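Peer 1: Protein chains in written order, with numbering that gives the first Met the number 0: chain S, 0 to 422; chain P, 0 to 422.
2 protein chains.
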Amino acid sequence: MEAEILAVGTEILLGDILNTNAQYLSKQLASLGIDVHFQTVVGDNEKRLTEAVNLAFSRADLIITSGGLGPTEDDLTKETCTRYFGEPLVEDQKAMEMMEEFFQGLKRTMTDNNKKQAMVPRGCTVMYNENGTAPGIIQEGKGKILMMFPGPPRELIPMFETYAKPYLAAKQDQIFVSRVLRISKVGESEVEHLLQDIIDRQTNPTIATYVKRFEVIIRLTAKAKNEQEANRLIDPVAEEIHERLGINLYAEGETSVAEVVSKMLLERKETIAVAESLTGGMVASALVDYPGISASFLEGAVTYSNEAKMRRLGVKEETLQKYGAVSAQTAAEMAIGIAKTSGAGIGLSTTGIAGPGGGSAEKPVGTVYLGLWYHGKVKTKLVPLVGNRERIRIRAMEAAFDWLRRTMLREEAPQGEEEKANG
Amino acid sequence: MEAEILAVGTEILLGDILNTNAQYLSKQLASLGIDVHFQTVVGDNEKRLTEAVNLAFSRADLIITSGGLGPTEDDLTKETCTRYFGEPLVEDQKAMEMMEEFFQGLKRTMTDNNKKQAMVPRGCTVMYNENGTAPGIIQEGKGKILMMFPGPPRELIPMFETYAKPYLAAKQDQIFVSRVLRISKVGESEVEHLLQDIIDRQTNPTIATYVKRFEVIIRLTAKAKNEQEANRLIDPVAEEIHERLGINLYAEGETSVAEVVSKMLLERKETIAVAESLTGGMVASALVDYPGISASFLEGAVTYSNEAKMRRLGVKEETLQKYGAVSAQTAAEMAIGIAKTSGAGIGLSTTGIAGPGGGSAEKPVGTVYLGLWYHGKVKTKLVPLVGNRERIRIRAMEAAFDWLRRTMLREEAPQGEEEKANG
């Protein structure tokens, strides 16, 4: 099946809105094994919309539109697109009732022009809208499928999941299922090198690696009749990669190293406190992102000034003078200080030069030291980073979490288990 | 002039990449007074690319492409698009030299297939690439203008600014200049109400309001011969809006309330310390975002647990038991505690229920209290918020900064200056 995605809205052509729907829909169609040949954006202009719709029907089997289903005169998508099938618009009672309820919930009166939204082509499948007013529509005939969605992603996405995805999956012999494996600390070329023979050997699932922000992602994509069969194909390959990459593979699916660590802390009933300089609260905030973390996270100290490092954490003035605020010694004393004053089993600290100023030949911008108090033992780590202030701060936060994750895992790992590479 | 934006790349059709170039280019063209009628995305497929290019030339005066200028066989944009003009490709010496230098800088050998990138249509204007290998191309003839850019935004954007923008501006009698005014705490309808007569009266600049994340934005757009003349038109209208909205208008241009407050703290030589519960380090981290803030920001305490609130900040056990951790009383004691222990002139605190759990009938999810110690006086504020955990936390952080901003401004404002509305 060949598809075309058609977004309708002058606001996209003015650059006021980013067309994220096209990306979402493309990804979904790819996973269903449907090829997208064109994405088009056209404004709320009847002549040009008609031209774009006719072209789409002439070259695609599946036409998916977003936007232009609203109550105003500018909203022309439904009337223009459905013309191809020649069915009249009729009122859908359930859509009308849902719209009335929606307005009641907002304590607003429904004006007459809204009623237009409940008019649907005779014989179509209505995609009811739980998050807005305009229903979506699936219409099929003359060898074509038309799917029309409202523009807001929070309305389009649940509608696609509920109605369109199963509708299309039922027509496909084969679907594509992807699983993502997340790697920390090892570079992309190193990952490819470590997995080269598996990558070469595999055709289903296929294996692709790419870099996303600060990590390497491995995506396994299987083609199969259904999700269960696809997972049966993916499981053994994922397991082999897990074994090959060991501790460097930190998670599967959509997550972050901070989330993985938060979960581990709670499962192991660990207590943690953090002392931050350059990350300035980012480590603490990433922990607080995780609901329920209060059982593990005792407190955070943002000690950006030397004075605060001394008063709050007991870092020695002598240490700051002799080694500087950005040093292994200061990082160690920060970690010890926050652990001891809070009583936490784990104390994690960050100190470094985020820039743009403050660098020197000896300690350039991007020099970051981490400190870790782990049940009575203290260690430090130098992490040299590059990039702008924001990038260095985020990367320092992620490095701190990954280091803690590795430390927690090593405590239970057999002797000799070591990191496979430095990155 | 009517334009069409054509992005070339299978990775966009697979949903792997979001087409941010289309938004950037659309915005730029709008500011130049050029109408964009279509945005199209096509894959690295010769037949469909040719079809899309022919269509674009048939209906637009200006065709702007992104992507497909690289060294591989898949990169077909240049060869396909330039066919319209019938000029042969010739080697551009400067582009070749720059490419050689680029590879030397990376300490990599330039392979032969890269040379293809330095081939350009005879007589065109070359847009040299400071951030990658493929140069961009401007070609004009037969009443059409073609501009071709490489796909990566970090290459496309500087090229557009340096070459394409002045090239197009020279052809336009009138350009559009926009200025953005940022409003906190007042809702969109209230802003429109307060400015209705100005909005109705104005045609140049036009005035548009819209909501962006948690604030209302007013955009003034003037049509003029050049930037200077446009600013002369905008200035008096901006000034009138400033007067009308008073303290609610917190900044012009691209900034945030945290940045505005950081700047104010440094200018006024204020010292600040923060005590955070639900925001968990976000307030501290937003301060640390601002380079040089160490002169004002003494320290942050992330006291997510009751124990930490008592030990670190001196919040009374009695207060926590009687009023709860999420209360005006606790917020006040947190603010006093962090100010006194740090010696800062300003102490700012946050406490609240971010959800998804932890809410009650009396204190639902989204109940947030802020506390502020301001040079010896303490006050608190209840901020009722809605949304998911992330949204509530970010909104609480922004509300804290805005409240501090208003407090600092009132200290020097004439008597009777009060907020115009509650939001």
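By construction, the Cβ of each residue, glycine as well, lies at the ideal position given by its N, Cα and C atoms. In this text the structure is predicted, and so the values were computed from the model without any measurement.
(1) For Val273/P and Val256/S, what's the separation of their Cα atoms in angstroms?
(2) If you measure between the beta carbons of Ala294/S and Leu265/S, is that distance less than 9 Å?
(3) Of all the CB atoms in chain P, is at least one closer than 9 Å to the CB of Lys262/S?
(4) Rounded to whole angstroms, what is the Cα-Cα separation between Val424/S and Leu48/S?
(5) Which whole runs of the alpha helix (DSSP H) in the stretch 302-388 of chain P are 4 residues long or more, in chain order?
(6) Give the residues of chain S in contact with Tyr303/P, contact being defined as C-beta atoms less than 9 Å apart.
(7) Output the residue ranges of the beta strand (DSSP E) runs that lie fully inside the stretch 90-152 of chain S and measure 3 residues or longer, sorted by chain position.
(8) Pick from Asp199/P, Ala221/P, Met158/P: whose alpha carbon is nearest that of Val179/P?
(9) By the three-class DSSP mapping on this structure, what secondary structure does Gly245/S have?
(10) Alpha carbon to alpha carbon, what distance is there between Ala395/P and Thr302/S?
(11) Below 9 Å on C-beta distance, what does Glu306/P contact in chain S?
(12) Can the beta-carbon of Leu381/S be found closer than 9 Å to that of Ala327/S?
(13) Does the stretch 12-32 of chain S touch the stretch 26-44 of chain P, meaning 3 or more C-beta pairs lie closer than 8 Å?
(14) Are at least three pairs of beta-carbons, each pair with one atom in the stretch 355-373 of chain P and one in the stretch 184-191 of chain P, less than 8 Å apart?
(15) Report all residues from its chain with a CB closer than 7 Å to the CB of Glu239/S; omit the five preceding and five following residues, and keep chain order.
(16) Tell me, which residues are paired with Glu38/S by DSSP?
(17) Would you be able to state if there are at least three C-beta pairs under 8 Å between the stretch 94-101 of chain P and the stretch 54-66 of chain P?
(18) Using 8 Å as the threshold, is the stretch 140-152 of chain S in touch with the stretch 80-87 of chain S, meaning 3 or more CB pairs across them?
(19) For Ala395/P, does the three-state DSSP call read helix, strand or coil?
(20) Quick check: the Cα distance between Met97/S and Arg121/S, rounded to an integer number of angstroms?
(21) Count the other CB atoms, across all protein chains shown, that sit within 10 Å of the CB of Pro134/S; report buried if there are 16 or more and exposed otherwise.
(22) What are the uninterrupted segments assigned as beta strand (DSSP E) that are 3 or more residues long and contained completely in the stretch 179-249 of chain P, given in chain order?
(23) Note down, in chain order, every chain P residue with its Cβ under 9 Å from the Cβ of Lys26/S.
(24) Counting contacts by CB-CB distance shorter than 9 Å, is Ala55/P in contact with chain S?
(25) Counting only beta-carbon separations shorter than 9 Å, does Arg404/P have a partner in chain S?
(26) When the cut-off is 9 Å and only beta carbons count, does Thr208/S lie next to chain P?
(27) Any idea if Arg212/P is buried or exposed, counting beta-carbon neighbours within 10 angstroms, 16 or more meaning buried?
(28) How big is the Cα-Cα spacing for Gly131/P and Pro157/S?
(29) Mind the definition here: the stretch 22-30 of chain P touches the stretch 150-165 of chain P only if three or more C-beta pairs lie below 8 Å; say whether that holds.
(30) Alpha carbon to alpha carbon, what distance is there between Tyr289/S and Arg319/S?
(31) Would you kindly report the start and end of the unbroken alpha helix (DSSP H) that includes Ser295/P?
(32) Determine, using beta carbons only, whether Gln22/P comes closer than 9 Å to chain S.
(33) Count the other CB atoms within 10 Å of the CB of His184/S; is the residue buried (16 or more) or exposed (fewer)?
(34) Using 9 Å as the limit for Cβ to Cβ distance, is Glu332/S near chain P?
(35) Could you have a look at Ser177/P and say whether DSSP puts it in helix, strand or coil?
(36) At a Cβ threshold of 9 Å, is Leu277/S touching chain P?
Peer 2: Answer, in terms of the structure:
(1) Counting from 1 along the second sequence, the entry for residue 273/P is found at position 274. Counting from 1 along the first sequence, the entry for residue 256/S is found at position 257. Looking at the two C-alpha atoms, the distance is approximately 27 Å.
(2) Against the first sequence, residue 294/S aligns to sequence position 295. Against the first sequence, residue 265/S aligns to sequence position 266. Taking C-beta atoms as the reference points, Ala294/S and Leu265/S count as a pair closer than 9 Å.
(3) On the first sequence, residue 262/S is found 263 positions in, with the first residue counted as 1. Contact of Lys262/S with chain P is not assigned, every C-beta pair being separated by 9 Å or more.
(4) Only positions 0 to 422 of chain S appear in this structure, which leaves residue 424/S out of reach.
(5) The qualifying runs are 305-312, 316-322, 327-341.
(6) On the second sequence, position 304 is the one that residue 303/P refers to. Going along chain S in sequence order, the residues near Tyr303/P (Cβ under 9 Å) are Ala283, Leu286, Val287, Ile292, Ser293, Phe296, Leu297, Glu298, Gly299.
(7) Complete beta strand (DSSP E) runs here, min 3: 118-120, 124-126, 135-140, 143-148.
(8) Here residue 179/P refers to the residue found at position 180 when the second sequence is read from its first residue. The option with the nearest alpha carbon to Val179/P is Ala221/P.
(9) Walking along the first sequence from the start, residue 245/S turns up at place 246. In the three-state reduction of the DSSP assignment, Gly245/S falls in the helix class, which pools H, G and I.
(10) Taking the first sequence and counting its residues from 1, one reaches residue 302/S at position 303. Taking the second sequence and counting its residues from 1, one reaches residue 395/P at position 396. The straight-line gap separating the alpha-carbon atoms of Thr302/S and Ala395/P is approximately 22 Å.
(11) In the second sequence, residue 306/P corresponds to position 307, counting from 1. What Glu306/P touches in chain S: Leu297, Glu298, Ser341, Gly342.
(12) Stepping through the first sequence from its first residue, residue 381/S is reached at position 382. Stepping through the first sequence from its first residue, residue 327/S is reached at position 328. Yes; because the gap between Cβ atoms is below 9 Å, this pair is in contact.
(13) Touching, per the Cβ criterion.
(14) No contact exists between the stretch 355-373 of chain P and the stretch 184-191 of chain P.
(15) For the purposes of this step, residue 239/S is taken as residue 240 along the first sequence, with counting starting at 1. Excluding sequence neighbours, Glu239/S sits near Ile197.
(16) Within the first sequence, residue 38/S is the residue found at index 39, counting from 1. According to the sequence provided, residue 38/S is Gln. The question's Glu does not apply to it. Bridge partners of Gln38/S: Ile4/S, Val40/P.
(17) The answer is no - the stretch 94-101 of chain P does not touch the stretch 54-66 of chain P, with fewer than three Cβ pairs under 8 Å.
(18) As far as the Cβ criterion goes, the stretch 140-152 of chain S touches the stretch 80-87 of chain S, which means the pair count is three or higher.
(19) Counting from one through the second sequence, the residue named residue 395/P turns up at place 396. In the structure shown, Ala395/P sits in a helix (DSSP, three-state: H, G or I).
(20) Along the first sequence, one-based indexing puts residue 97/S at 98. Along the first sequence, one-based indexing puts residue 121/S at 122. Those two C-alpha atoms are separated by around 19 Å.
(21) Within the first sequence, numbered from 1, the residue matching residue 134/S stands at position 135. The residue in question, Pro134/S, is buried, as its Cβ has 16 or more Cβ neighbours within 10 Å.
(22) Counting only runs of 3 or more, we get 205-211, 214-223.
(23) Within the first sequence, the letter at position 27 stands for residue 26/S. In chain order: Leu13, Gly14, Asp15.
(24) As a first step, residue 55/P is located in the second sequence; it is residue number 56 there, counting from the start. At a cut-off of 9 Å between beta carbons, Ala55/P makes no contact with chain S.
(25) In the second sequence, the residue the question calls residue 404/P occupies position 405. Arg404/P does not count as touching chain S.
(26) Taking the first residue of the first sequence as position 1, residue 208/S is located at position 209. Under the Cβ distance rule, Thr208/S does not count among the residues neighbouring chain P, no pair being separated by less than 9 Å.
(27) In the second sequence, counting from the first residue as 1, residue 212/P sits at position 213. Exposed: under 16 other Cβ atoms inside 10 Å.
(28) Stepping through the second sequence from its first residue, residue 131/P is reached at position 132. Stepping through the first sequence from its first residue, residue 157/S is reached at position 158. In this structure, the alpha-carbon of Gly131/P lies about 40 Å from that of Pro157/S.
(29) Taking 8 Å as the limit for Cβ pairs, the verdict is that the stretch 150-165 of chain P does touch the stretch 22-30 of chain P.
(30) In the first sequence, the residue the question calls residue 319/S occupies position 320. In the first sequence, the residue the question calls residue 289/S occupies position 290. In the sequence as displayed, the identity of residue 319/S is Leu instead of Arg. Computed Cα separation, rounded: 34 Å.
(31) Mapped onto the second sequence, residue 295/P falls at position 296. In the DSSP assignment, Ser295/P falls outside any alpha helix (DSSP H) and carries neither an H nor an E.
(32) Counting from one through the second sequence, the residue named residue 22/P turns up at place 23. Gln22/P belongs to the set of residues whose beta carbon lies under 9 Å from a beta carbon in chain S.
(33) If you number the first sequence from 1, residue 184/S lands on position 185. For the sequence presented, residue 184/S should be read as Lys rather than His. Lys184/S comes out buried.
(34) Against the first sequence, residue 332/S aligns to sequence position 333. No, its Cβ sits nowhere closer than 9 Å to a Cβ of chain P.
(35) Start at 1 with the first residue of the second sequence, and residue 177/P comes out as number 178. DSSP, read as helix, strand or coil, puts Ser177/P in strand.
(36) One-based indexing of the first sequence puts residue 277/S at position 278. For Leu277/S, the answer is yes, since a Cβ of chain P falls inside 9 Å of its Cβ.
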